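One structure is given below, encoded as structure tokens.
This is the structure in structure tokens:
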């Protein structure tokens, strides 16, 4: 059977190779398995011209995504806007700032549609009929929607206390939604046990090697949209730390294939202070992290035992990046700042990214003469609960010009004629 | 009564296909030692060369991961359940 441009699954720790099946852990050292590609063959076909001639979706880089044939799930996902954020740049004090806006990713308004379209396309190739996930919300939404569109049955497992928007956004697609009385780490533990017992495609458990690769497409798009360049700085929110490592990999792959020039890049990680195992390790100069019990409004980042934490720390060290974390109030300020300067309403994770970027610029980790990309991974309409009491309220008047002018006279004395 | 160790799919081949192995009460370190004497090599799968549990493995005693308890010195009493889980991906 054709394997496309994939060669094998390979242990990240010991390098042992495995068949391209639904498996995610090395039998010898529990190391995560990653997809190995045939870069020599890819180099012959994946050119800037070939990419530019293809439809504007994440699948224009399909040779570097882990499926054997053509995508069958989520063909329209990706190619979200890269917005030049001049007003925010001015406020934060940096020369050039860009927002990679996955708050408007299709179909479920988060970057998770990227990983899910890969995981489900591969699940279909491997013959699965039921797909599942452990989720902090966005992943559940994406699995539910994409499974519905592909005619697959879906089981999604979420912590019981998620934002209502994220729960409804899974239920509406007809998925089997199971709330677990516990936080995400406990949900994931249960799912690891369920995945060991039932023959389902758990996108972030046994399908994880394929799933995680989907994140690279965010980095591929950033480079193409910047005119085939790598930004000096990239700020990435961290839950498990996987996205950060995959953005780095996307820069490595494009430069290895000659699609971009390998100018130096720094990758910085953003966390919430209420769940900061990776950023606190980085700030303490450690190569390993200590697990924490999450307590933050950034629920999509609330993973206390991050699987890729070790590798995220390694990437930040190798690239000269840094990591910071922000409090719940700073997260809300970050959301407001992005909304008021650029007209982009991000979820709490976006507030984390903006708040951390602000700190990194103030501290000099991102210098004022450089270019930076902020990765915004989800939409603010899904986490209204976090900001509903912090944006003020609309003012009520009768349908009367006199009442409106009274209001306006209060806002702008002198504008209203007596 | 003994301590139950739930064996993840990744390690079942090494454990003769067993899903649950019973060991005597003691510490987590002693439990891993007992496992290793029954199924030679399992310690090296779970622990690195310094004998520390690998970063890619989570060891739960009932509902708590051992890094929140006393690591490998965590006491196991009769009726306790130990789960060995690969670290989690994002969601």
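Chains as they are written, first to last, in this note's numbering: chain L, 1 to 418; chain E, 1 to 91.
Using N, Cα and C, we set each Cβ at its ideal position, and we do this for glycine too.
A quick note: this is a predicted structure, and the numbers were derived from the prediction, not measured.
Quick check: what's the CA-CA separation for residue i versus residue j?
i	j	result
residue 132 (chain L)	residue 125 (chain L)	16 Å
residue 69 (chain L)	residue 5 (chain L)	9 Å
residue 187 (chain L)	residue 398 (chain L)	50 Å
residue 402 (chain L)	residue 268 (chain L)	53 Å
residue 71 (chain E)	residue 28 (chain E)	8 Å
residue 211 (chain L)	residue 203 (chain L)	6 Å
residue 15 (chain E)	residue 67 (chain E)	25 Å
residue 237 (chain L)	residue 50 (chain L)	31 Å
residue 74 (chain L)	residue 354 (chain L)	29 Å
residue 74 (chain E)	residue 52 (chain E)	14 Å
residue 313 (chain L)	residue 32 (chain E)	29 Å
residue 351 (chain L)	residue 379 (chain L)	11 Å
residue 122 (chain L)	residue 153 (chain L)	15 Å
So residue i contacts chain E; which residues on that side make the cut at Cβ distance below 7 Å?
i	result
residue 32 (chain L)	56
What does residue i touch in chain L if you count any residue whose Cβ is under 9 Å from its own?
i	result
residue 31 (chain E)	Within chain L, no residue comes near residue 31 (chain E); the closest Cβ sits about 17 Å away, beyond 9 Å.
residue 85 (chain E)	188, 189, 192, 193
residue 50 (chain E)	Those do not exist, as residue 50 (chain E) stays about 12 Å from chain L at its closest Cβ, beyond 9 Å.
residue 67 (chain E)	290, 291, 305
residue 13 (chain E)	27
If distances are taken between C-alpha atoms only, which option among the options comes closest to residue i?
i	options	result
residue 38 (chain L)	L:29, L:9, L:56	L:9
residue 66 (chain L)	L:55, L:116, L:82	L:116
residue 182 (chain L)	L:324, L:134, L:281	L:134
residue 88 (chain L)	L:317, L:2, L:365, L:333	L:333
residue 86 (chain E)	E:47, E:68, E:34	E:47
residue 248 (chain L)	L:375, L:384, L:180	L:375
residue 37 (chain E)	E:22, E:56, E:50	E:22
residue 180 (chain L)	L:276, L:158, L:42	L:158
residue 120 (chain L)	L:164, L:93, L:72	L:72
residue 310 (chain L)	L:295, L:49, L:289, L:294	L:289
residue 31 (chain L)	L:396, L:12, L:17	L:12
residue 17 (chain E)	E:6, E:68, E:45	E:6
residue 199 (chain L)	L:256, L:321, L:22, L:170	L:22
residue 99 (chain L)	L:362, L:389, L:339, L:413	L:339
residue 221 (chain L)	L:196, L:209, L:192, L:259	L:259
residue 82 (chain L)	L:344, L:400, L:408, L:392	L:344
residue 28 (chain L)	E:40, E:20, E:26	E:40
residue 103 (chain L)	L:409, L:393, L:381	L:381
residue 217 (chain L)	L:385, L:79, L:386, L:257	L:79
residue 367 (chain L)	L:92, L:7, L:55, L:35	L:92
residue 270 (chain L)	L:358, L:184, L:254, L:292	L:358
residue 107 (chain L)	L:90, L:139, L:224	L:139
residue 223 (chain L)	L:7, L:410, L:58, L:127	L:58
residue 60 (chain L)	L:167, L:219, L:109, L:262	L:219
residue 118 (chain L)	L:300, L:214, L:322	L:214
Is the distance from the Cβ of residue i to the Cβ of residue j below 8 Å?
i	j	result
residue 302 (chain L)	residue 240 (chain L)	no
residue 232 (chain L)	residue 371 (chain L)	yes
residue 76 (chain E)	residue 8 (chain E)	no
residue 315 (chain L)	residue 272 (chain L)	no
residue 77 (chain L)	residue 19 (chain L)	no
residue 265 (chain L)	residue 251 (chain L)	yes
residue 155 (chain L)	residue 136 (chain L)	no
residue 347 (chain L)	residue 383 (chain L)	yes
residue 305 (chain L)	residue 81 (chain E)	no
residue 360 (chain L)	residue 318 (chain L)	no
residue 141 (chain L)	residue 169 (chain L)	yes
residue 24 (chain E)	residue 2 (chain E)	yes
residue 178 (chain L)	residue 356 (chain L)	no
residue 407 (chain L)	residue 395 (chain L)	yes
Could you tell me which residues DSSP pairs with residue i in its beta bridges?
i	result
residue 38 (chain L)	Residue 38 (chain L) pairs with nothing; no bridge assigned.
residue 162 (chain L)	In DSSP, residue 162 (chain L) forms no bridge with anything.
residue 86 (chain E)	E:57
residue 84 (chain L)	L:98
residue 233 (chain L)	L:266, L:372
residue 271 (chain L)	L:325
residue 126 (chain L)	DSSP lists no partner for residue 126 (chain L).
residue 32 (chain L)	L:25
residue 75 (chain E)	E:27
residue 179 (chain L)	L:158
residue 21 (chain E)	E:5
residue 283 (chain L)	Looking at the DSSP assignment, residue 283 (chain L) forms no beta bridge with any residue, so it has no partner.
residue 8 (chain L)	L:36
residue 423 (chain L)	Here chain L covers residues 1 to 418 and nothing more, so residue 423 (chain L) does not appear.
residue 378 (chain L)	L:110
Using the beta-carbon of each residue, which ones in chain E are nearer than 8 Å to residue i?
i	result
residue 282 (chain L)	In chain order: nothing, as chain E lies at least about 15 Å away.
residue 196 (chain L)	8, 9
Name, please, each residue of chain C whose Cβ falls closer than 8 Å to the Cβ of residue i.
i	result
residue 39 (chain E)	In the displayed structure, chain C is absent; the protein chains listed are L and E.
So residue i contacts chain L; which residues on that side make the cut at Cβ distance below 8 Å?
i	result
residue 45 (chain E)	27, 28, 29, 30
What residues from chain E crowd round residue i, counting only those whose CB sits closer than 9 Å?
i	result
residue 310 (chain L)	55, 56, 87
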